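Novice: Structure incoming, see below.
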Amino acid sequence: MVAVVATPREAFWAFGAHAALVATAAAIGRLPPGFLARRLLIEVPFLLFAVFLPFFGRGERVEVLGVALSQEGLWAAWNVVAKATLGTAASVILAATTPVPDLLKAFGRLHFPRVLVAMMGFMVRYLDVVIGELGRMRIALQSRAYHPRRFGEARALGAVAGTLFVRSYERGERVYLAMAARGYDDRRVPLAGLVAAFVFAAQMVNFPVAAGTTGHFLGGVLAAVLVGPWLGSLALTVVLVVQGVFFADGGLTALGLNVFNMAIVGTLGGYLLYRGMIALLPKTRPATVAAAGVAAGLAVPLAALSFVLEYAVGGAGGASVGTVATAMGSVHLLIGVGEGLITALVVGSVLATRPDLVAEAPKVEVMVHG
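Throughout, this note's numbering is defined as the position within the sequence shown, counted from one, plus 791.
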């Protein structure tokens, strides 16, 4: 993976050698070509982005089939396609041929932080449990002829997600108590692992964005609002690492930027927005729900803006910064709307059952009559 990323785009022979190595690994692992092809579909959005680079790129133009294209854009498109395809294929082969316990041991031998390795272990261990609960809840809704067509009817989905989070959190508390009875004293590991499993399960639900594309829930701000900013950031980091390594989703070549933009800039920045709005708004449940939703919605374009700044600093792209900013901003504003609505629904559901889990939640006064 490091060799692919470090390969100059002009070194065609090196890319050929990388492709031969990937093909050999797939043959040794006895992976059918159809299996690899289906898994490689995940990179289609990046390939679509690369297709437009020659048209909007800067610099000298060359004529290809009667169309004037940017020479720098052509190089950038080739660089994206070659590295994304090889990197994704390597990730798929690794995930398909290596058992999860062996991957966790490999992380330990590579001196990956032990806390994160333990969190990943908890997440993977309980992921089937959380997804199983989500599946049973969806079946229960379908058995009651639930097919939401209006936003008001979507509140039931928020209740389902809120219930799933509370169950995941309480399971994490029970696991920690069982481990504490055996001398284990780090409460963060089981809680972050279970919260990460919940976020991972929630990300499986896609919603339409534009032009036939879909977005999915991120969950960083939601996790920060419910379990605190640092634990929420850790949970989303674990989700991104597990997605990239264990499920070949999101890729390893962009893992560092994904963690920085989504788990740090998006999650912590969104949480700061939430705290700022809570300080200005009335101490009521509707205000808390609204603040969480708005903060989560703004966190998505904030993470996209972070990527645009990194793109500008990198200086190696074929498209102008304005073009990238327009493309990223328009799509992620729409994704942010979905993120904000889902976050508001889930926070409202959790406030109704476990308000103690919501940061800066309004205090409920209990009147006792003598």
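We put the CB at the ideal spot given by N, CA and C, even for glycine.
Only a predicted model underlies this, so the values are computations on that prediction, with no experimental measurement involved.
Taking the DSSP output, what are the residues bridged to GLU1130?
Specialist: For the purposes of this step, residue 1130 is taken as residue 339 along the sequence shown, with counting starting at 1. Beta-bridge pairing links GLU1130 to no other residue.
Novice: With DSSP as the reference, label VAL1149 as helix, strand or coil.
Specialist: Reading the sequence shown from its first residue, position 358 is the one you call residue 1149. Of the three classes helix, strand and coil, the one that applies to VAL1149 here is coil, per DSSP.
Novice: So, using beta-carbon positions, are VAL915 and LEU955 closer together than 9 Å?
Specialist: In the sequence shown, counting from the first residue as 1, residue 915 sits at position 124. In the sequence shown, counting from the first residue as 1, residue 955 sits at position 164. Taking 9 Å as the Cβ cut-off, VAL915 and LEU955 do not qualify as a contacting pair.
Novice: Alpha carbon to alpha carbon, what distance is there between VAL1149 and VAL1141?
Specialist: Your numbering for residue 1141 matches position 350 in the sequence shown. Your numbering for residue 1149 matches position 358 in the sequence shown. One C-alpha to the other measures close to 8 Å.
Novice: Looking at SER1097 and GLY1057, is the spacing between their C-beta atoms short of 9 Å?
Specialist: The residue given as residue 1057 occupies position 266 in the sequence shown. The residue given as residue 1097 occupies position 306 in the sequence shown. Closer than 9 Å, so yes.
Novice: Rounding to the nearest angstrom, what Cα-Cα distance links PRO1092 and MET911 in this structure?
Specialist: Locating residue 1092 in the sequence shown gives position 301, where the first residue counts as 1. Locating residue 911 in the sequence shown gives position 120, where the first residue counts as 1. Answer to the nearest angstrom: the Cα atoms are 27 Å apart.
Novice: Beta-carbon separation of LEU982 and TYR960 under 9 Å?
Specialist: Taking the sequence shown and counting its residues from 1, one reaches residue 982 at position 191. Taking the sequence shown and counting its residues from 1, one reaches residue 960 at position 169. Contact: yes.
Novice: Report yes or no: do three or more beta-carbon pairs, one from the region 862-881 and one from the region 808-821, lie closer than 8 Å?
Specialist: yes
Novice: Is PHE1037 buried or exposed, if buried means 16 or more other CB atoms sit within 10 Å of its CB?
Specialist: Sequence index remark: in the sequence shown, residue 1037 carries index 246 (1-based). The residue in question, PHE1037, is buried, as its Cβ has 16 or more Cβ neighbours within 10 Å.
Novice: By DSSP, does GLU854 sit in helix, in strand, or in coil?
Specialist: Reading the sequence shown from its first residue, position 63 is the one you call residue 854. In this structure, GLU854 counts as strand in the three-state DSSP scheme.
Novice: When you compare only the Cα positions, how much space is there between VAL853 and PHE846?
Specialist: In the sequence shown, counting from the first residue as 1, residue 853 sits at position 62. In the sequence shown, counting from the first residue as 1, residue 846 sits at position 55. It is roughly 11 Å from the alpha-carbon of VAL853 to the alpha-carbon of PHE846.
Novice: Hey, which unbroken runs of the alpha helix (DSSP H) at 4 residues or more fall wholly within the region 1040-1094?
Specialist: Within the region 1040-1094, the runs of alpha helix (DSSP H) that reach at least 4 residues and sit entirely inside it are, in chain order, 1046-1049 and 1058-1071.
Novice: Between the Cα of ALA797 and those of SER934, LYS874 and ARG1066, spot the shortest distance and give me the residue it belongs to.
Specialist: Taking the sequence shown and counting its residues from 1, one reaches residue 797 at position 6. Nearest option by C-alpha distance: LYS874.
Novice: State the CB to CB distance for the pair ALA1090 and VAL1012, rounded to an integer number of angstroms; the pair is presumed to be in contact (CB under 8 Å).
Specialist: What you label residue 1090 is simply residue 299 of the sequence shown in a count that begins at 1. What you label residue 1012 is simply residue 221 of the sequence shown in a count that begins at 1. Their Cβ separation, rounded to whole angstroms, is 5 Å, which keeps ALA1090 and VAL1012 in contact under 8 Å.
Novice: Identify which residue in THR1114, LEU1071 and GLY953 has its Cα closest to the Cα of THR1144.
Specialist: If you number the sequence shown from 1, residue 1144 lands on position 353. Nearest option by C-alpha distance: GLY953.
Novice: Is ALA1094 near ASN1052, with beta carbons less than 9 Å apart?
Specialist: In the sequence shown, the residue the question calls residue 1094 occupies position 303. In the sequence shown, the residue the question calls residue 1052 occupies position 261. Going by C-beta atoms, ALA1094 is nearer than 9 Å to ASN1052.
Novice: Does the separation of the CB atoms of VAL1050 and VAL1032 fall below 9 Å?
Specialist: Stepping through the sequence shown from its first residue, residue 1050 is reached at position 259. Stepping through the sequence shown from its first residue, residue 1032 is reached at position 241. Yes, they are a contact pair.
Novice: Expressed to the nearest angstrom, what Euclidean distance is found between the alpha-carbon atoms of PHE989 and LEU918?
Specialist: Residue 989 sits at position 198 when you count from the first residue of the sequence shown. Residue 918 sits at position 127 when you count from the first residue of the sequence shown. Near 8 Å, if we compare the C-alpha coordinates of LEU918 and PHE989.
Novice: Going by DSSP in three states, ALA802 sits in which element: helix, strand or coil?
Specialist: Numbered from its first residue, the sequence shown carries residue 802 at position 11. In this structure, ALA802 counts as coil in the three-state DSSP scheme.
Novice: So the alpha helix (DSSP H) LEU1031 belongs to, where does it begin and stop?
Specialist: Residue numbering aside, residue 1031 sits at position 240 when the sequence shown is read from its first letter. Note, LEU1031: alpha helix (DSSP H), 1020-1037.
Novice: If you drop the 5 nearest sequence neighbours on each side, which residues of the same chain put their C-beta closer than 8 Å to that of VAL813?
Specialist: Looking up residue 813 in the sequence shown gives position 22. So the qualifying residues of the chain are LEU877, ALA880, ALA881 and ILE884.
Novice: Residues bridged to ALA859 by DSSP?
Specialist: Locating residue 859 in the sequence shown gives position 68, counting from the first residue. Residue pairing by DSSP puts ALA859 in a beta bridge opposite GLU854.
Novice: Kindly give me the distance between the Cβ atoms of ALA1014 and VAL980, rounded to whole angstroms, as I take these residues to be in contact under 8 Å.
Specialist: As a first step, residue 1014 is located in the sequence shown; it is residue number 223 there, counting from the start. As a first step, residue 980 is located in the sequence shown; it is residue number 189 there, counting from the start. The Cβ separation is near 15 Å, so there is no contact.
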